[in-house]
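Beneath this line is the structure, given in structure tokens, with notes to follow.
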DNA sequence: AAACGCGATGAAAGCGCTTACATATTGCGT
DNA sequence: ACGCAATATGTAAGCGCTTTCATCGCGTTT
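Residue numbers (the working numbering), protein chains in the order written: chain D, 78 to 411; chain Y, 78 to 411.
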């Protein structure tokens with residue numbers, strides 16, 4: 078420990094009686110070094126408990142081996158599988174994840190993206206974030222690879238991996254209609270993805286020749302809590318137009334709605350059917366278990382990571398948006 | 078854009094007709110620069126869309142302004158509030174969060190900590206991780222500030238913020254006993270915190286002169302899913318010794334257990350009471366809502382962040398472990 | 001035996017910042 | 001009017017790596 082500081086590559090070089098450059102090669106391009114030297118260097122490094130300073134490495138080399146991920150809220154389970162998938166694949170490739178939450182605030186969003194760029198992350202993954210025009214422009218100018226997820230953006234900034242929200246919602250509507258439900262309700266937020274789902278849902282309903290769905294919009298910036306689902310279901314039930322099935326834009330809302338029904342002694346699906354979205358863990362265990370839409374949250378994350386790696390390591394062209402699809406999982410709530 | 082690369086401080090210096098050092102000062106110690114120059118530099122920077130390279134800054138200065146956080150699983154809601162609290166406070170102080178998951182694997186844990194140290198993070202926060210001896214030794218030698226959370230470690234590596242798991246569990250046992258329950262069950266994992274809770278719980282039960290609790294141990298490395306709670310409850314009910322109240326080491330297990338009871342038509346709390354731990358969102362909305370133990374998950378995170386900041390910015394001495402306490406929240410499930 | 005190619009190593013020039021330290025400028029007391 | 005402390009700015013030495021380019025042996029080729 079040189080005077081309280083950790084050892085540098087040069088200390089290892091001295092210890093192993095080779096040059097600084099050789100030590101560097103041992104760690105980053107081992108084939109260029111003879112077996113014997115390589116071993117000597119490794120021993121010296123171990124003796125000194127040497128840990129390469131990757132920041133200095135990033136500085137000299139071109140890459141930081143850090144990927145920034147931006148989510149609306151870290152504590153929301155909606156995106157956590159995606160982040161987990163992202164993290165796993167990145168780690169394996171020796172990249173690290175820098176994570177930040179915007180709290181649905183456009184200014185925070187911009188400031189976080191700036192911080193990421195300032196740290197010269199090799200890529201940025203945006204999980205269902207707002208992406209306001211200033212943020213968009215910042216990213217377009219920066220030239221850093223960007224992956225937008227959870228939707229198939231019409232004009233992505235760069236890369237995209239997700240599924241068609243309108244299609245998934247339309248399929249859900251048709252599913253409910255096929256099951257015989259006729260008076261549909263829709264509970265969702267006001268964010269872009271919710272609106273897209275509403276659009277698809279509404280279209281499918283009207284194509285089936287049914288009355289437009291009863292819509293309960295949750296104004297909260299974070300339309301994803303159990304409580305809000307419960308409150309929305311309460312409003313839904315208070316309406317004049319009675320519904321026989323309610324589609325919620327995520328499983329948290331759906332579970333909240335389901336619990337609200339239980340609290341009121343309503344039978345699900347007898348009195349009203351409830352359908353969720355995302356296939357979170359919770360949907361599988363409630364009683365009744367929730368019919369929902371599987372969207373491969375984790376795969377979205379791992380694909381995003383893979384796209385980034387392909388782009389950085391190979392110099393592959395920009396891939397087309399990747400459609401991860403969706404499928405409806407039928408359970409007992411419908 | 079110098080030939081595809083982003084601008085450097087020197088470009089700004091030229092544009093503003095000042096020296097490199099002055100530009101640096103404008104960004105890091107603005108008081109040292111005259112109002113007029115400062116403005117000129119800011120204008121030049123804006124004109125060039127200059128974004129300071131914080132990595133280079135970290136390299137030259139002493140700090141990376143990055144904090145590493147290690148959790149067992151990113152997708153587990155148990156620690157996500159803690160991480161969120163951590164992230165919020167750090168961001169405000171212009172620090173970034175580097176997040177990684179060990180997947181309960183000691184080797185991963187070690188490798189992640191090495192990666193953090195290699196990146197010269199300014200501090201490391203460990204959220205209820207395993208901390209195997211090799212990891213521990215690594216951190217002890219590194220000299221990087223470390224915060225261990227979610228328990229009051231006897232000999233922390235460095236700093237600690239959390240609560241007494243045995244005490245919290247003992248209080249839970251006494252709570253159930255006070256409510257008249259006599260044949261208690263305990264559902265938990267085999268990780269250290271679960272074991273501590275079991276110990277506290279058992280002690281309180283025996284001090285009350287009751288028979289030892291029926292224990293169902295979940296061997297899974299990630300003892301935190303709804304499914305596991307359900308399976309454990311099923312085993313519990315299949316035992317000879319009948320129980321009238323079951324304490325679960327987290328709300329996910331408790332909710333899973335509750336749903337299992339619903340599935341079997343058992344009344345909660347009539348036939349069996351269920352109590353959880355952590356006060357996750359879910360505990361508030363199930364029917365019946367779960368009695369649980371509030372542990373201030375988010376505060377643990379924000380306190381950890383504050384400790385780190387105090388330590389880094391001030392040169393405060395190592396603070397004593399911070400006890401964030403706990404409190405029992407009585408709801409309808411008991 | 002001179003010329004050549006090749007693998008292994010070293011020397012040195014950055015990467016884009018921060019920060020002493022040195023050097024002007026300015027205002028002020030006397 | 002002169003000296004001195006501030007105040008403002010510039011100069012240059014790193015921070016710990018990566019990487020190009022040059023060098024040095026040596027076994028081959030003709």
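Using N, Cα and C, we set each Cβ at its ideal position, and we do this for glycine too.
In the DSSP secondary-structure assignment, residue 236 of chain D is bridged to D/224.
Look at residue 129 of chain Y: its C-beta is under 8 Å from a C-beta on chain D.
When C-alpha distances from residue 246 of chain Y are compared across Y/398, Y/371, Y/377 and Y/375, the shortest belongs to Y/371. At least one beta carbon of chain Y lies nearer than 8 Å to the beta carbon of residue 136 of chain D. Each of Y/266, Y/210 and Y/177 was checked against the Cα of residue 203 of chain Y, and the nearest Cα belongs to Y/177.
With fewer than three CB-CB distances shorter than 8 Å, the stretch 222–232 of chain Y does not count as touching the stretch 283–291 of chain Y. Of all residues in the stretch 238–255 of chain Y, none has a C-beta nearer than 9 Å to a C-beta of chain D. For residue 162 of chain D, the enclosing alpha helix (DSSP H) covers residues 154–169. The shortest C-alpha to C-alpha distance from residue 268 of chain Y to any of Y/310, Y/307 and Y/208 is the one to Y/208. Judged by DSSP secondary structure, residue 252 of chain Y falls within the alpha helix (DSSP H) whose first and last residues are 242–255. Of all alpha-carbon atoms in Y/237, Y/385 and Y/408, the one lying nearest the alpha-carbon of residue 173 of chain Y is that of Y/385. When secondary structure is reduced to three states using DSSP, residue 277 of chain D falls in the helix class.
In this structure, the beta-carbon distance from residue 410 of chain Y to residue 314 of chain Y does not fall below 8 Å.
By a beta-carbon distance limit of 8 Å, residue 197 of chain Y contacts residue 130 of chain D. Their separation comes to about 6 Å. Interface with chain D (8 Å Cβ-Cβ cutoff): residue 86 of chain Y is excluded. Of all residues in the stretch 315–343 of chain Y, only 333, 336, 339 and 340 place a beta-carbon less than 7 Å from a beta-carbon of chain D.
Following the DSSP letters along the chain, one finds residue 178 of chain Y inside the beta strand (DSSP E) bounded by residues 173–178. Nearest Cα to residue 256 of chain D within the set D/368, D/364, D/82 and D/120: D/368.
In the pairwise beta carbon analysis, the stretch 400–407 of chain Y is classified as touching the stretch 232–252 of chain Y: at least three pairs are separated by under 8 Å.
In this structure residue 340 of chain Y is not in contact with residue 345 of chain D, their Cβ atoms being roughly 14 Å apart against a cut-off of 8 Å.
Among the residues facing chain Y, residue 192 of chain D is included, as its CB has a counterpart in that chain under 8 Å away. Across the set D/397, D/293 and D/253, the C-alpha of D/253 shows the shortest separation from the C-alpha of residue 405 of chain D. With contacts defined as CB atoms closer than 8 Å, residue 290 of chain Y and residue 330 of chain Y fail to qualify as a contacting pair.
DSSP places residue 114 of chain Y inside the alpha helix (DSSP H), whose first and last residues are 112–125. Remark: three or more beta-carbon pairs, one from each stretch, lie closer than 8 Å, so the stretch 177–193 of chain D and the stretch 141–160 of chain D are flagged as touching. Counting only residues of its own chain and dropping the five nearest sequence neighbours on each side, residue 183 of chain D has a CB closer than 8 Å to the CB of 207, 209, 211 and 212. Checking the DSSP bridge columns, you'll see residue 292 of chain Y partnered with Y/263. For the beta strand (DSSP E) assignment, the uninterrupted runs of no fewer than 3 residues enclosed by the stretch 345–383 of chain Y are, from N- to C-terminal side, 350–352 and 369–371. Listed by position along chain D, the residues whose Cβ is nearer than 7 Å to that of residue 218 of chain Y are 126. Relative to residue 307 of chain Y, the option among Y/321, Y/337 and Y/278 whose CA is nearest is Y/337. Contact of residue 214 of chain Y with chain D by beta-carbon distance below 7 Å is absent, the smallest such distance being about 10 Å.
Listed in chain order, the beta strand (DSSP E) runs fully inside the stretch 300–343 of chain D are 322–325, counting runs of at least 3 residues.
The beta carbon of residue 195 of chain Y sits closer than 8 Å to some beta carbon of chain D. By the beta-carbon neighbour count (other beta carbons within 10 angstroms, threshold 16), residue 397 of chain D is exposed. Neighbours of residue 182 of chain D in chain Y, taken as residues at a C-beta separation under 9 Å, are lacking, since the least C-beta distance is about 11 Å. Under a criterion of Cβ atoms nearer than 8 Å, no residue of chain Y is adjacent to residue 354 of chain D; the nearest Cβ is some 17 Å distant.
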